[in-house]
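Heads up: the structure comes next, in structure tokens.
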């Protein structure tokens with residue numbers, strides 16, 4: 001079910017190869033699937049993770065990993081100041 005919802009979420013975002021997608025809750029089942037599907041279609045992935053999960057999130061395919069927490073949006077904007085056209089919010093932020 002998590003994989004299906006992740007795929008549907010990416011389809012709904014209608015991003016193009018090379019676009020950026022941010023993923024919160026990236027170490028969870030939904031977030032992990034979003035990362036893998038996003039990489040498969042050529043998206044740039046910025047994902048959040050706790051320090052203990054950062055390597056896992058990188059292995060799933062995230063190009064950039066930012067620390068989770070209250071300032072996650074600011075950390076994502078530092079990496080993509082121009083814009084982030086898609087967000088898959090698996091952490092309900």
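Residue numbers (the UniProt record's numbering): 1 to 93.
All C-beta atoms in this analysis are idealised placements derived from N, C-alpha and C, irrespective of residue type, glycine included.
Practice prompt. Report, in whole angstroms, the separation of the C-beta atoms of residue 26 and residue 90, which I expect to be a contact under 8 angstroms.
Written response: Taking 8 angstroms as the upper bound for CB-CB distance, residue 26 and residue 90 are in contact here, some 7 angstroms apart.
Worksheet item: In the DSSP assignment, what residue or residues form a beta bridge with residue 57?
Response: Note: residue 57 sits in no beta bridge, so no partner.
Worksheet item: Going along the chain, which residues of its own chain have a beta-carbon closer than 6 angstroms to the beta-carbon of residue 62, five neighbours each way excluded?
Response: Around residue 62: 35, 45, 47.
Worksheet item: What do you get for residue 69, buried or exposed, if any count of 16 or more other CB atoms within 10 angstroms of its CB means buried?
Response: By the 10 Å Cβ count, residue 69 comes out exposed.
Worksheet item: If you count every other CB in all the chains shown that lies within 10 Å of the CB of residue 54, and 16 or more means buried, which is it?
Response: When all chains shown are included, residue 54 counts as buried.
Worksheet item: Hey, how far is the Cα of residue 18 from the Cα of residue 29?
Response: Each residue's Cα considered, the two are about 24 angstroms apart.
Discussion item. Out of 60, 66, 1, which one is the CA nearest neighbour of residue 50?
Written reply: Among 60, 66, 1, the Cα nearest to that of residue 50 is on 66.
Worksheet item: Residues in its own chain within less than 7 angstroms of residue 163 by CB, not counting five upstream and five downstream?
Response: Residue 163 lies beyond the residue range present for the chain, which begins at 1 and ends at 93; the question has no answer from this structure.
Discussion item. In chain order, what are the residue ranges of uninterrupted beta strand (DSSP E) at least 3 long that sit wholly in the stretch 20-68?
Written reply: If we require 3 residues or more, the beta strand (DSSP E) runs fully inside the stretch 20-68 come out as 20-24, 44-49, 64-67.
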